[in-house]
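Just so we're aligned: the sequence shown equals residues 364 to 920 in my numbering.
We treat Cβ as the ideally placed atom computed from N, Cα and C, and that holds for glycine.
Quantities reported herein were computed from a predicted structural model and do not represent experimental measurements.
Here is the structure we will look at, set down as structure tokens.
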Amino acid sequence: MVSGFPKATTIGGQVGMTFDGDGDGLTYPWDDRRDWPRMPKRDFTVSVWFAIPSTKGAQGVMGCIFEPKEGLTGWRFLTRGGRAEFTLANSGKGEATVTHDRLLSADKVHRLDASYDGQRVRFFVDGALAGEKEAPFGDIVYNGRAGICFGDWWEGPRSFRFKGFLSQAALFDQALTPGEVDGALAEAPTQPMPIAEVGVPKFTIAPYFQYPTAHEATVMWETSTNAPTRIRFGESPSTAKEVLGEPSRIHRIALKGLKPSTTYFVQADSSQGDSKLKSEWASFRTGALPGTPVKFAIVGDTQDHPEINHRIAEGMFAARPDFAVIVGDLVGLGWKKEQYVNDFFGSMRPLLSHVPLLPVLGNHDRNARNYYDLFSMPEPKFCYRYQSGDVEIWSVDTDHDVEPGSPQYRWLEETLSRSKAKWKIVAHHYPPYSSDIDDYGDATAGPIEGGDLQARKFSALYDKYGVDLCFSGHIHSYERTYPMRGGKVVSQGKGTVYVVVGGGGGGLEQAAPTRADFTHTVRSGHHFGVVWADPHRLEFRAYDLESRLFDSFELEK
Numbered sequence: 364m365v366s367g368f369p370k371a372t373t374i375g376g377q378v379g380m381t382f383d384g385d386g387d388g389l390t391y392p393w394d395d396r397r398d399w400p401r402m403p404k405r406d407f408t409v410s411v412w413f414a415i416p417s418t419k420g421a422q423g424v425m426g427c428i429f430e431p432k433e434g435l436t437g438w439r440f441l442t443r444g445g446r447a448e449f450t451l452a453n454s455g456k457g458e459a460t461v462t463h464d465r466l467l468s469a470d471k472v473h474r475l476d477a478s479y480d481g482q483r484v485r486f487f488v489d490g491a492l493a494g495e496k497e498a499p500f501g502d503i504v505y506n507g508r509a510g511i512c513f514g515d516w517w518e519g520p521r522s523f524r525f526k527g528f529l530s531q532a533a534l535f536d537q538a539l540t541p542g543e544v545d546g547a548l549a550e551a552p553t554q555p556m557p558i559a560e561v562g563v564p565k566f567t568i569a570p571y572f573q574y575p576t577a578h579e580a581t582v583m584w585e586t587s588t589n590a591p592t593r594i595r596f597g598e599s600p601s602t603a604k605e606v607l608g609e610p611s612r613i614h615r616i617a618l619k620g621l622k623p624s625t626t627y628f629v630q631a632d633s634s635q636g637d638s639k640l641k642s643e644w645a646s647f648r649t650g651a652l653p654g655t656p657v658k659f660a661i662v663g664d665t666q667d668h669p670e671i672n673h674r675i676a677e678g679m680f681a682a683r684p685d686f687a688v689i690v691g692d693l694v695g696l697g698w699k700k701e702q703y704v705n706d707f708f709g710s711m712r713p714l715l716s717h718v719p720l721l722p723v724l725g726n727h728d729r730n731a732r733n734y735y736d737l738f739s740m741p742e743p744k745f746c747y748r749y750q751s752g753d754v755e756i757w758s759v760d761t762d763h764d765v766e767p768g769s770p771q772y773r774w775l776e777e778t779l780s781r782s783k784a785k786w787k788i789v790a791h792h793y794p795p796y797s798s799d800i801d802d803y804g805d806a807t808a809g810p811i812e813g814g815d816l817q818a819r820k821f822s823a824l825y826d827k828y829g830v831d832l833c834f835s836g837h838i839h840s841y842e843r844t845y846p847m848r849g850g851k852v853v854s855q856g857k858g859t860v861y862v863v864v865g866g867g868g869g870g871l872e873q874a875a876p877t878r879a880d881f882t883h884t885v886r887s888g889h890h891f892g893v894v895w896a897d898p899h900r901l902e903f904r905a906y907d908l909e910s911r912l913f914d915s916f917e918l919e920k
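Here it is, written out as structure tokens:
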């Protein structure tokens, strides 16, 4: 599995790949039954050639290490501050790390070897023994989920990408002695490694749009290397004007002075020199002034099933919404950049080429840097509000502090109290009300909590300030409540309707076998919703994966 754009490179006749230290990575995801049982469990040697242009920081070179609850298992090469090291671990039986005491030479191709015979680890740098350590761990236990990674290393939520050159990785089913390693060492190429990015830039994420108010919006895209930031935009391609930004890899340009409820066309241009890189023309609609009808689509928990996400995005796009909201868990693991590039942005076209996105943080997004790098919302980004027409939407992070008196709680209360919007809608990940069978207790064995009690602490504000709708996800099914106030069902117009729209690409879940008092409609299946709102009426409709209507309701004022 490839992430980013590692590039084929030849140095002194030695063929390998260049990694950029950001999005590039290469993983061989072995087959549980065929590959990892054949991995040598003892008496093995692993080898790789590599070069780095800088000795700063920590970089993962190569490895197949995994971190289950019982402890690390597997092996890996990495560099820290210009010193190479090798780690061998055996799932709770022990861990041994050997570090080279000398600094590596930047831009020189080096060779790393490590051997294990069931009792001892030996580590070699450029054919010379760099160190050894007792490691009476017996057979190494490999985890079938790990695979062999090149140019990357994960430690909890942190990723240590490799910037440099990798070549001739090998795994032998015998523990080579120091003499054998020295004898097997071919002469390394001595010419300097090419620094900077090799090859021409490509789009890793095509242009998409963020936070479209009546007079402003932001266009973003990503390229495989640093490249010029330039767009052409206007009410038609023929009248488009050019806007320049700072060269970057993640590109961001704020468009200002726009007209409300107007379609604009945008083309990104990151060409440099003889290398031409222009996107297809994309388009979006600006936000509306009060009194103008608006339409938006909503879904949650797209996670890491791009084939489902694509069908959801097609259904949402068919409705031609003004913008789209995703109520958290955009990806399966928020610190994995490749999931944003491939699973999310790669699957959500043509929707994201024409419909601005309002994201909400979920637990799988992990409050990771990728979320903050790839989306442009008002500070502090984990919570913000947005208005178009007579609809005002609050995005709240239910993994941040939700206690009364906390900064986020105070911000929500203050902004709700000042709102003059006709329709008030709050979106967050955890559902205050849910009759899921096992997320909030075991419904087959006794009473359940009926939703996330932490998120339900916001409900007092919804009651106090007349919030009409609360959308959430986390539970991978659909559920709509009756209007709720003070924890009880009330008549229409007297309370908040809570809707769980977690029907994106996540694995589906089921409701309890008996209906909860608050439940109006529940359904298991992938789905999305569409909202229409004018000054006097709000309509909501829910559609399945085939875009077939299965639930709807209206609110009037």
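Spatial distance of residue i from residue j (CA atoms)
| i | j | result |
| --- | --- | --- |
| Ser915 | Ala879 | 19 Å |
| Tyr906 | Arg843 | 13 Å |
| Ala469 | Lys496 | 27 Å |
| Thr807 | Gly725 | 27 Å |
| Gln666 | Arg732 | 17 Å |
| Phe513 | Leu529 | 8 Å |
| Pro743 | Leu901 | 29 Å |
| Tyr928 | Arg405 | This structure cannot speak to residue 928, because the chain is shown only from 364 to 920. |
| Glu643 | Phe566 | 11 Å |
| Lys526 | Gly423 | 9 Å |
| Ala414 | Lys471 | 6 Å |
| Val504 | Glu917 | 58 Å |
| Asn705 | His791 | 24 Å |
| Tyr703 | Thr372 | 26 Å |
| Arg819 | Arg848 | 11 Å |
| Ala651 | Phe596 | 19 Å |
| Leu475 | Asp637 | 38 Å |
| Phe913 | Asp502 | 55 Å |
| Val754 | Met380 | 51 Å |
| Met556 | Lys370 | In this predicted model, Met556 has a pLDDT of only 41, less than 50, meaning its place in the structure is not dependable; the value taken from the coordinates is given anyway. The straight-line gap from Cα to Cα measures roughly 14 Å. |
| Glu560 | Ser646 | Confidence in Glu560 is poor, its pLDDT being 40 and thus under 50, which makes the residue's placement too unreliable to answer from. |
| Val544 | Pro770 | 60 Å |
| Asp692 | Gly663 | 7 Å |
| Arg911 | His578 | 35 Å |
Nearest-angstrom beta carbon gap, residue j and residue i [assumed within contact, 8 Å]
| i | j | result |
| --- | --- | --- |
| Tyr574 | Met740 | 6 Å |
| Val690 | Ile661 | 7 Å |
| Tyr861 | Tyr796 | 5 Å |
| Gly463 | Ala493 | First, the amino acid is wrong: residue 463 is His here, not Gly. With a Cβ gap of about 4 Å, His463 and Ala493 count as contacting. |
| Leu467 | Gly490 | Not a contact, Cβ separation roughly 14 Å. |
| Pro591 | Pro610 | 5 Å |
| Val864 | Phe834 | 6 Å |
| Gly869 | His839 | 4 Å |
| Gln531 | Val411 | 7 Å |
| His889 | Ile675 | 7 Å |
| Arg826 | Thr588 | Checking the displayed sequence, the identity of residue 826 turns out to be Asp instead of Arg. Not confirmed; about 52 Å, so no contact. |
| Val885 | Phe821 | Between Phe821 and Val885 the Cβ distance is about 22 Å, and since that is not below 8 Å, they are no contact. |
Which listed residue (the options) has its alpha carbon closest to that of residue i
| i | options | result |
| --- | --- | --- |
| Cys746 | Arg773, Val754 and Leu640 | Arg773 |
| Ile594 | Ala617, Gly481, Leu714 and Phe891 | Ala617 |
| Ala631 | Arg612, Asn453 and Pro810 | Arg612 |
| Leu779 | Gly423, Ile756, Val504 and Gly620 | Ile756 |
| Gly330 | Ser599, Ala459, Asp762 and Ala681 | Only positions 364 to 920 of the chain appear in this structure, which leaves residue 330 out of reach. |
| Glu585 | Glu902, Leu912, Phe738 and Tyr505 | Phe738 |
| Pro499 | Tyr749, Ser910, Gln855 and Asn453 | Asn453 |
| Arg615 | Arg674, Lys920 and Ala580 | Ala580 |
| Leu714 | Gly768, Ala477, Leu908 and Phe572 | Phe572 |
| Asp728 | Arg748, Gln750, Lys700 and Arg712 | Lys700 |
| Gln855 | Phe440, Val830, Glu812 and Ala874 | Val830 |
| Val723 | Tyr735, His717, Ser716 and Ser782 | Tyr735 |
| Ala477 | Glu605, Glu812, Asp515 and Leu534 | Leu534 |
| Val718 | Asn730, Lys641, Tyr627 and Leu640 | Tyr627 |
| Ser601 | Ser624, Val629, Thr450 and Met583 | Val629 |
| Phe708 | Phe680, Thr649 and His673 | His673 |
Any non-hydrogen atom of the ligand MG within 7 Å of residue i CB
| i | result |
| --- | --- |
| Met425 | Summarising the ligand content, the structure contains no ligands, and the ligand MG is consequently not present. |
Starting from the N-terminal side, write out each stretch of the beta strand (DSSP E) that is 3 residues or longer and does not extend beyond the segment 811-858.
Those beta strand (DSSP E) runs which fall completely within the segment 811-858 and span 3+ residues are 832-835 and 841-844.
Runs of beta strand (DSSP E) lying entirely within the segment 672-714, each at least 3 residues, in chain order
686-689
Is it a yes or a no for the segment 678-692 touching the segment 774-786, going by three-plus beta-carbon pairs under 8 Å?
The answer is no - the segment 774-786 does not touch the segment 678-692, with fewer than three Cβ pairs under 8 Å.
How do the segment 877-895 and the segment 651-660 stand: do at least 3 beta-carbon pairs fall below 8 Å, yes or no?
Segments in contact, yes.
Just list the beta strand (DSSP E) runs in the segment 638-677, keeping only unbroken ones of 3 residues or longer that don't cross its boundaries, in chain order.
645-648 and 657-662
Counting only runs of 4+ residues fully inside the segment 575-600, write out the alpha helix (DSSP H) ranges in chain order.
none
I'd like the ranges of any beta strand (DSSP E) spanning at least 3 consecutive residues and lying wholly in the segment 869-919.
Runs of the beta strand (DSSP E) inside the segment 869-919: 882-886, 890-896, 900-907 and 912-919.
List in chain order: all unbroken beta strand (DSSP E) runs of 3+ residues lying wholly within the segment 749-802.
754-758 and 786-790
Quick check on the DSSP output: what are the complete beta strand (DSSP E) runs of length 3 or more inside the segment 447-489, in order along the chain?
458-462, 473-479 and 483-488
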